[in-house]
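Numbering (UniProt numbering), first residue to last: 1 to 657.
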């Protein structure tokens, strides 16, 4: 079959203009292919081709060009060009796993010439070995055929060049001879690379960890030996027996970007043994047992059968909210109460009229009172009114001291921006002793509605944790939201933040700046805080430092400046799960009356979590600037592991009580 392919190739070459005489000539030919294809297509009868079909043919010719360029780059061992093509095109566009006329794939050429860097780049892009090589014998036979037929072609061309008189045809034959001589040397190098290769060594290390009550994760590393051929896949085997008889299952890992595999569907409380072996073109190497040799799928909650802290809470809250909405659908409590004084009815009426009056505008200056401001930003730009002011609306012009309870209530409202109209209907302004609180909160809802209406945006973003207060009695509640897309608004426009800060004329003295000036001065700090607050931790188990400062109306907590939405922390490991065995060890340590000795017992020293915690505690104490000697009285919170979703969990380190 291969002989017939080579004959067909020779016949095709006889019909076509002579091929490239060298790799460099081939390079030039590939670069010029797209121009030649365009000439060919435009020479067709325009009526015989549909526009879409012509574009598709042009696209295919362009992709053929890129596929040929990839084969050429691999054959020439040009790593930079290979990486450039893999970055520029998808595997499908490159036809990465489609054999060429010789039945070879780019990965075959790379591994048989033992070019490890190119082979790894191709493997990470999803390259496979040719499916034609079902055995060592078939690969050896294929290579021998390629070498023999290339040698035969070289001999034929050499005889023609020697026997023919010098002319134009002879010059073309010499170019073909050089190209085939180069290909002959390539095939010989590939054949020698295959013959001298040996099966790979075992993976240098195999680590086993418990990731849930029904799964374990296997992480492994490449063999250390550099003498064998490139490893193209790995085999993970597992069994309940240390002899792997009988085996329970196996899986082949051929995506080598990340060398790990998760075995799922296991039985909790059962010990599983795991081993991993590597494969190259010469076959499978010896297996490497994992460390530890076995693992028992489990979770720390199995220690005392504890249910997740938040199980069912979201559903229960949704159910309660639904019940409240159902009750308020038939409630007339939001209608103005008839026994209210005329002044109150007039005040509410005036507020409502002001809300829907076309003259409702953003404020330019602040008087003594409570205000709402919304900061929308995109890159280095910020939304401002047509008067170059940050959007501000009034909440209450008679309110001079923001109570913490009102502010916390406002932050809860920010979780329901879409429900503001319904909330306004539900908040009743009565003559009860709590009417002042309800009046303030009703005005907050009115201000939110006004801001939403003027901006044309429902979601006002996240409330900044601290209102802006000045000495004149003004209080600003600030919301922040990052805009990802290019949006245009009617009543506001985008301006650079630096331009806004330099162009605004302050109406206050530097000693006593107004709340608006204070906001403008600190706006970049607030935006940086908001961006950092949205950063998510990577999956893993963390050690957090819980340091509190309590007052009558609030509790403040120590957080890192660069990540203010989480406690001061260090990462213990990438696996967020704590197994039942690890939790039992932690409980034993917590219940011990004496501290852990400097020289731990044998079972403790062999516990990986012990060493991971030792390293993490030292790193955390350095981070929060506490001498390690003072940390001897610190405690690990042993009541529970804090789970944030399925991918992040925390152990807490507590200072002395």
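All residues carry an ideal CB built from backbone N, CA and C; glycine is no exception.
Remember, it's a predicted structure, so these values are computed and weren't measured experimentally.
Need the endpoints of the beta strand (DSSP E) that residue i sits in, please.
{"i": "residue 494", "result": "492 to 496"}
{"i": "residue 643", "result": "642 to 644"}
{"i": "residue 475", "result": "475 to 482"}
{"i": "residue 396", "result": "392 to 396"}
{"i": "residue 264", "result": "Element bounds for residue 264: n/a, residue is neither H nor E."}
According to DSSP, what are the bridge partners of residue i?
{"i": "residue 233", "result": "279"}
{"i": "residue 658", "result": "Past the edges of the chain, shown from 1 to 657, lies residue 658, and the structure says nothing about it."}
{"i": "residue 284", "result": "279"}
{"i": "residue 294", "result": "273"}
{"i": "residue 592", "result": "Paired residues: none, contrary to the question."}
{"i": "residue 238", "result": "249, 274"}
{"i": "residue 377", "result": "382, 482"}
{"i": "residue 212", "result": "215"}
{"i": "residue 220", "result": "206"}
{"i": "residue 462", "result": "480"}
{"i": "residue 631", "result": "Looking at the DSSP assignment, residue 631 forms no beta bridge with any residue, so it has no partner."}
{"i": "residue 289", "result": "275"}
{"i": "residue 399", "result": "Bridge partners of residue 399: none, in fact."}
Is the beta carbon of residue i less than 9 Å from the beta carbon of residue j?
{"i": "residue 586", "j": "residue 609", "result": "yes"}
{"i": "residue 147", "j": "residue 191", "result": "yes"}
{"i": "residue 256", "j": "residue 232", "result": "yes"}
{"i": "residue 229", "j": "residue 194", "result": "yes"}
{"i": "residue 375", "j": "residue 322", "result": "no"}
{"i": "residue 377", "j": "residue 440", "result": "no"}
{"i": "residue 373", "j": "residue 497", "result": "no"}
{"i": "residue 382", "j": "residue 557", "result": "no"}
{"i": "residue 519", "j": "residue 390", "result": "yes"}
{"i": "residue 688", "j": "residue 484", "result": "This structure leaves residue 688 out entirely; the chain is present only between 1 and 657."}
{"i": "residue 268", "j": "residue 298", "result": "yes"}
{"i": "residue 186", "j": "residue 113", "result": "yes"}
{"i": "residue 403", "j": "residue 424", "result": "no"}
{"i": "residue 448", "j": "residue 420", "result": "yes"}
{"i": "residue 115", "j": "residue 199", "result": "no"}
{"i": "residue 470", "j": "residue 502", "result": "no"}
{"i": "residue 94", "j": "residue 118", "result": "no"}
{"i": "residue 295", "j": "residue 202", "result": "no"}
{"i": "residue 572", "j": "residue 613", "result": "yes"}
{"i": "residue 306", "j": "residue 640", "result": "yes"}
{"i": "residue 285", "j": "residue 263", "result": "no"}
{"i": "residue 76", "j": "residue 96", "result": "no"}
{"i": "residue 361", "j": "residue 454", "result": "yes"}
{"i": "residue 71", "j": "residue 109", "result": "yes"}
{"i": "residue 204", "j": "residue 223", "result": "yes"}
{"i": "residue 393", "j": "residue 363", "result": "yes"}
List the endpoints of the continuous alpha helix (DSSP H) containing residue i.
{"i": "residue 549", "result": "Residue 549 -> not in any alpha helix (DSSP H); beta strand (DSSP E) instead, spanning 548 to 550."}
{"i": "residue 529", "result": "515 to 533"}
{"i": "residue 569", "result": "Not the alpha helix (DSSP H): residue 569 falls in the beta strand (DSSP E), residues 568 to 573."}
{"i": "residue 249", "result": "Where residue 249 is concerned, there is no enclosing alpha helix (DSSP H), although the beta strand (DSSP E) it sits in stretches over 249 to 253."}
{"i": "residue 557", "result": "Note, residue 557: premise wrong, no alpha helix (DSSP H); beta strand (DSSP E) at 555 to 557."}
{"i": "residue 386", "result": "No alpha helix (DSSP H) holds residue 386; DSSP gives it neither H nor E."}
{"i": "residue 314", "result": "313 to 329"}
{"i": "residue 618", "result": "608 to 623"}
Against chain E, with Cβ distances strictly below 9 Å, would residue i count as a contact?
{"i": "residue 154", "result": "Checking the listed chains, one finds no chain E in this structure; it contains a single protein chain."}
Would you say residue i touches the ligand PLP, meaning its beta carbon is less than 8 Å from a heavy atom?
{"i": "residue 382", "result": "Although the ligand PLP was asked about, the structure shown includes no ligands whatsoever."}
Any 3 or more C-beta pairs closer than 8 Å across the region 280 to 292 and the region 194 to 213: yes
Entirely enclosed alpha helix (DSSP H) segments - the region 403 to 447, minimum 4 residues: 404 to 413, 420 to 426
Contact between the region 92 to 106 and the region 217 to 234 (3+ Cβ pairs under 8 Å): no
Three CB pairs or more closer than 8 Å across the region 571 to 589 and the region 636 to 653: yes
Start-end ranges of the alpha helix (DSSP H) lying completely within the region 127 to 209, minimum 4 residues: 136 to 163, 168 to 196
Touch test, the region 265 to 282 against the region 227 to 242, Cβ-Cβ under 8 Å, three pairs minimum: yes
Validate contact between the region 611 to 626 and the region 536 to 546 using beta carbons, cut 8 Å, 3 pairs: yes
Given 8 Å, three or more beta-carbon pairs between the region 381 to 389 and the region 489 to 502: yes
Runs of alpha helix (DSSP H) lying entirely within the region 68 to 130, each at least 4 residues, in chain order: 79 to 88, 91 to 94, 106 to 112, 116 to 124
Given 8 Å, three or more beta-carbon pairs between the region 145 to 165 and the region 123 to 131: no
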